[in-house]
Amino acid sequence: MVELESGDFHTLVRGSVAGQPIRIVLDTGASHSCMDAAYAQSLLPQLPTAPHDGVTAGIGGDDFTVRIADVPDFRLGRFHLPCYQNMALLDFTYINTAYRRLRRKPIQMILGNDFFVNHKAVINYHDNYLFFE
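Residue numbers (this note's numbering): 212 to 344.
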């Protein structure tokens with residue numbers, strides 16, 4: 212748990228994509244998981260993407276471009292997905308600018324409710340533990 216401002220917390224975890232480290236926010240208020248498009252492009256320059264025509268509201272406003280990709284080799288502790296399908300890719304400039312202002316390292320991914328529901332993940336805030344049923 213990281214306190215960004217007084218009473219404002221984010222739950223951060225470390226994982227990896229394609230063997231490279233990634234900083235992740237666990238966000239139970241986000242409906243869909245997403246990854247920083249610039250980070251994905253630098254990490255996986257040949258990653259095929261497709262346009263996303265769904266509702267795009269939330270992080271940084273409501274007017275931004277979203278692409279979808281299948282991200283290879285996602286790991287979070289002992290949890291492993293050979294392919295994280297339908298990951299939304301979008302510009303994290305807004306959130307990472309805020310992180311820098313607060314002297315925090317940038318993040319590259321947000322895990323939302325789609326991840327928690329699909330993988331039966333449970334966050335135990337008291338013991339600072341994430342597990343999967």
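Just so it is clear, CB atoms sit at the ideal spot from N, CA and C, and this is done for glycine as well.
Remember, it's a predicted structure, so these values are computed and weren't measured experimentally.
Where residue i falls: helix, strand or coil (DSSP)
i	result
ILE318	coil
LEU223	strand
TYR336	coil
Rounded C-alpha distance that separates residue i from residue j
i	j	result
ASP184	MET212	Shown here, the chain extends from 212 to 344; a query on residue 184 therefore has no answer.
HIS330	ASN297	14 Å
ALA347	LEU301	The first residue shown for the chain is 212 and the last is 344, placing residue 347 beyond what the model contains.
ILE230	HIS291	Here residue 230 is Gly; the residue named in the question, Ile, does not match the sequence. Approximately 11 Å between the Cα atoms of the pair.
LEU223	ARG311	15 Å
ASN339	ILE279	31 Å
PRO256	ALA299	16 Å
Option in the options with minimal Cα separation from residue i
i	options	result
THR304	ASP338, PHE343 and MET246	MET246
TYR295	SER244, THR239 and SER253	SER244
ASP281	SER253, PRO259 and ASP325	PRO259
PRO283	ALA251, VAL328 and ASP325	ALA251
HIS221	LEU322, VAL333 and PHE326	LEU322
Contiguous alpha helix (DSSP H) assignments of at least 4 residues, all confined to the region 228-302: Listed in chain order, they are 248-254.
Touching by the beta-carbon criterion (3+ pairs, under 8 Å), the region 309-319 and the region 229-239: yes
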